[in-house]
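Student: After the structure tokens below, expect a handful of questions from me.
There are 2 protein chains.
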Amino acid sequence: MNITMLGTGNAMVTECYNTCFVLEDGDKHLLVDGGGGNTLLRQLKQAGFDWKDMREIFVTHKHVDHIMGVVWMIRMICQNMKQGQYDGEATIYGHEEVIRILKEMAEMLYPAKQTCFIGDRLHLVVVNDGEERELMGHKTTFFDIQSTKAKQYGFCMDMGNGGKLTCCGDEPYNECEKKYAENSKWLLHEAFCLYDQADVFHPYEKHHSTAKDASELAEQLGVQNLILYHTEDKNIVRRKELYTEEGKKYFSGNLYVPEDLEKIEL
Amino acid sequence: MNITMLGTGNAMVTECYNTCFVLEDGDKHLLVDGGGGNTLLRQLKQAGFDWKDMREIFVTHKHVDHIMGVVWMIRMICQNMKQGQYDGEATIYGHEEVIRILKEMAEMLYPAKQTCFIGDRLHLVVVNDGEERELMGHKTTFFDIQSTKAKQYGFCMDMGNGGKLTCCGDEPYNECEKKYAENSKWLLHEAFCLYDQADVFHPYEKHHSTAKDASELAEQLGVQNLILYHTEDKNIVRRKELYTEEGKKYFSGNLYVPEDLEKIEL
Ligand SMILES: [Zn+2]
Ligand SMILES: [Zn+2]
């Protein structure tokens, strides 16, 4: 299994794409979020993926830096189904608000001859807090991260052999996620900026973490591998070096601060 | 007056951004369309613009390669108004369908504490076929291009000294546009591909033109300067050269096939 980061930035970035990624296991793919628009399609292409292989998609929440690329995926899928250039089915998972908004946007934006495939061969599936589904053949549990901004879900995937991969979405860890995040083999967590630059970027006012905070948390939770994402982009050339340097002081496992398009073996 | 192309591609491109541009006259700016997402913000930055200077925006139609970037502009404007970091007002013009969809999307996606600025300091203004408005201090007439796909408007701007700039949107010229397009000093028209490659790209099935078609048309209409945009991106490195070579055989005026971020003095 591996993960390819299509984007690694927060909502406001212009020097990288917004946080979204592909999990890959053999010929199966799970796309998580879509970033802020059709640059998703460029990132998929640049990473060597065929967008048609993204048969399972999960959307964490409705913020435009996560949902807009998925609105484009709906267009691509439905249009190609209509043109006879897309075989089989695809499924988009999300909580009730996400699925409702995706449907409404598709109906507003796309012609009926395309949206007729929604519910037919493109399935928009509501998942609930604590619900288990099989994604890429792995047992996956969705959970509400209890955001106070917009309702948001993370997920915990059983990787096999007792390992689990947990995605906490784009907000700091909340105690309610403990049973999922604790002892994860892989933890995906946001880090808005360096703790050293908290006075510049004000992460706490924005309800975000620093590299230090996320690393301390991962240490406490007994995590083996930590991936930091959803960062600012003001010094993206040195981001990997500086965030890694800061985080390593507080986390004894393997710390990853990926660039856009970076692939990591899980 | 000048124009900066933020994007020059059709809906499906991944090697450039979707067609959208900024008209600039002194300190005044008109943004026309937004492309497919937040790459609009990157393109504005790369072109040297401050997104806050885009105080007038016109949206031609609801297709996602045109409207999504404008949904992002609404976010940026309303969020910054809320934070006290945006002075004054801004206006988005569009026909009834565009304005209705923009409002509905904003209300679905953004919090009430941001959308409350819509109608207050961010004006979403419906324009009708043949309606005149003053944009950037220039008399501008909006017109229905009579699209059979999605309702779409172009516009014709009085540049002063008898010159006019006419934008035909992203579909081939229709006779109903004659009084606007004829004798334009500047004509903006789509060219999906080369006529030489019509058998590869099937422009006519997609209701699009070739570089040859648009150039012949501009010649017939007595146009002085022709800008071609909304192209495919399969050979973008040689696009300018090849499209210009083909078009020049049929158009005796000045032909422009801009790259993304190219600025042209009008
Ligand atoms: Zn986000
Ligand atoms: Zn278009």
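Protein chains in written order, with full-length UniProt numbering: chain A, 1 to 266; chain B, 1 to 266.
Don't be surprised by glycine CBs; every beta carbon is placed ideally from N, CA and C.
Please read all numbers here as calculations on a predicted model, not as lab measurements.
Hey, could you find the ends of the alpha helix (DSSP H) A/V70 is sitting in?
Tutor: Its alpha helix (DSSP H) spans residues V64 to K82.
Student: Beta carbons nearer than 7 Å to chain B: which residues of the region 106-127 of chain A have them?
Tutor: M108 and L109
Student: So which of B/F201, B/M157 and B/R75 has the shortest CA-CA distance to B/A181?
Tutor: B/M157
Student: Residues of chain A with CB closer than 7 Å to the CB of B/E104, please, in chain order.
Tutor: M108
Student: So, at 6 Å on beta carbons, what are the nonlocal neighbours of B/V98 in its own chain, with the 5 sequence-adjacent residues on each side left out?
Tutor: V59 and K62.
Student: Whole angstroms are fine: how far does the CA of B/R55 sit from the CA of B/R133?
Tutor: 14 Å
Student: Just reading off the alpha helix (DSSP H) that A/V98 is part of, what are its end residues?
Tutor: E96 to L109
Student: In whole angstroms, what is the alpha-carbon distance linking A/P172 and A/L226?
Tutor: 14 Å
Student: Quick check: the Cα distance between A/N121 and B/E89, rounded to an integer number of angstroms?
Tutor: Looking at the sequence shown, residue 121 of chain A is not Asn but Arg. Distance between the alpha carbons of A/R121 and B/E89 is about 45 Å.
Student: Ligand 2 and B/A11: does any heavy atom of the ligand fall closer than 7 Å to the residue's C-beta?
Tutor: yes
Student: From B/R75 to A/G37, what does the alpha carbon distance come to, in whole angstroms?
Tutor: So the alpha carbons of these two residues sit roughly 14 Å apart.
Student: With 8 Å set as the bound, which would you pick, yes or no: does the beta-carbon of A/M81 sit closer than that to a beta-carbon of chain B?
Tutor: no
Student: For a test of your reading of the model: does the CB of A/T19 fall under 7 Å from any non-hydrogen atom of ligand 1? Yes or no.
Tutor: yes
Student: Show which residues of chain A have a CB atom less than 8 Å away from the CB atom of B/I101.
Tutor: M108 and L109
Student: Please confirm whether any heavy atom of ligand 2 lies closer than 7 Å to the CB of B/H207.
Tutor: No, Cβ of B/H207 sits at least 7 Å from all heavy atoms of ligand 2.
Student: Which residue marks the beginning of the beta strand (DSSP E) containing A/D158, and which one marks its end?
Tutor: Y153 to G160
Student: List, in chain order, every chain B residue whose beta-carbon is nearer than 7 Å to that of A/G36.
Tutor: G37, N38 and W72
Student: Would you list, in sequence order, the uninterrupted alpha helix (DSSP H) runs of no fewer than 4 residues that lie entirely inside the region 5-52 of chain B?
Tutor: 39-46
Student: Do you know whose CA, among A/D144, A/D199 and A/V127, lies nearest A/E96's CA?
Tutor: A/V127
Student: Please state whether the Cβ-Cβ distance between B/A218 and B/G253 is less than 8 Å.
Tutor: Against a cut-off of 8 Å, the Cβ pair of B/G253 and B/A218 comes out as a contact.
Student: Classify A/K249: buried if its beta carbon has 16 or more other beta carbons within 10 angstroms, exposed otherwise.
Tutor: Counting Cβ neighbours within 10 Å, A/K249 comes out exposed, since fewer than 16 surround it.
Student: What are the boundary residues of the alpha helix (DSSP H) that includes A/I227?
Tutor: Per DSSP, A/I227 belongs to no alpha helix (DSSP H); it is in the beta strand (DSSP E), N225 to Y229.
Student: Is B/D170 close to ligand 2? I mean its beta-carbon at under 7 Å from any heavy atom of the ligand.
Tutor: Flag set: Cβ of B/D170 near ligand 2.
Student: Taking 7 Å as the cut-off, is the beta-carbon of A/D213 closer than that to any non-hydrogen atom of ligand 1?
Tutor: Answer for A/D213: no, Cβ out of range of ligand 1.
Student: Measure the alpha-carbon distance for A/K82 versus B/E205 and round it to whole angstroms.
Tutor: 15 Å
Student: Can we say the region 8-26 of chain B touches the region 225-241 of chain B, given the rule of at least three CB pairs closer than 8 Å?
Tutor: yes
Student: How many angstroms separate the CA atom of A/K212 from the CA atom of B/H208?
Tutor: Taking the straight line joining both Cα atoms gives about 53 Å.
Student: For A/R42, which residues in chain B fall below 7 Å Cβ to Cβ?
Tutor: T14
Student: What residue range is occupied by the uninterrupted beta strand (DSSP E) comprising B/L242?
Tutor: Segment I236 to K248 is the alpha helix (DSSP H) holding B/L242; no beta strand (DSSP E) there.
Student: Could you give the DSSP three-state label for B/K139: helix, strand or coil?
Tutor: strand
Student: How many whole angstroms separate the CB atoms of A/I3 and A/I264, which I take to be in contact at a CB cut-off of 8 Å?
Tutor: That belief holds up - the Cβ atoms of A/I3 and A/I264 are roughly 5 Å apart, short of 8 Å.
Student: Between which two residues does the alpha helix (DSSP H) holding B/F201 run?
Tutor: Looking at the DSSP string, the run of the alpha helix (DSSP H) that includes B/F201 is A198 to F201.
Student: Check whether the region 37-53 of chain B touches the region 64-79 of chain B, counting contact only when three or more Cβ pairs, one atom from each stretch, lie closer than 8 Å.
Tutor: yes
Student: Can you find a heavy atom of ligand 1 that lies under 7 Å from the Cβ of A/D233?
Tutor: no
Student: Please list, in chain order, the chain B residues whose beta carbon lies closer than 9 Å to that of A/K234.
Tutor: Residues of chain B passing the Cβ test: none, with the nearest at roughly 13 Å.
Student: Run down chain A in chain order and give the residues with a C-beta less than 8 Å from the C-beta of B/K62.
Tutor: Residues of chain A passing the Cβ test: M108 and L109.
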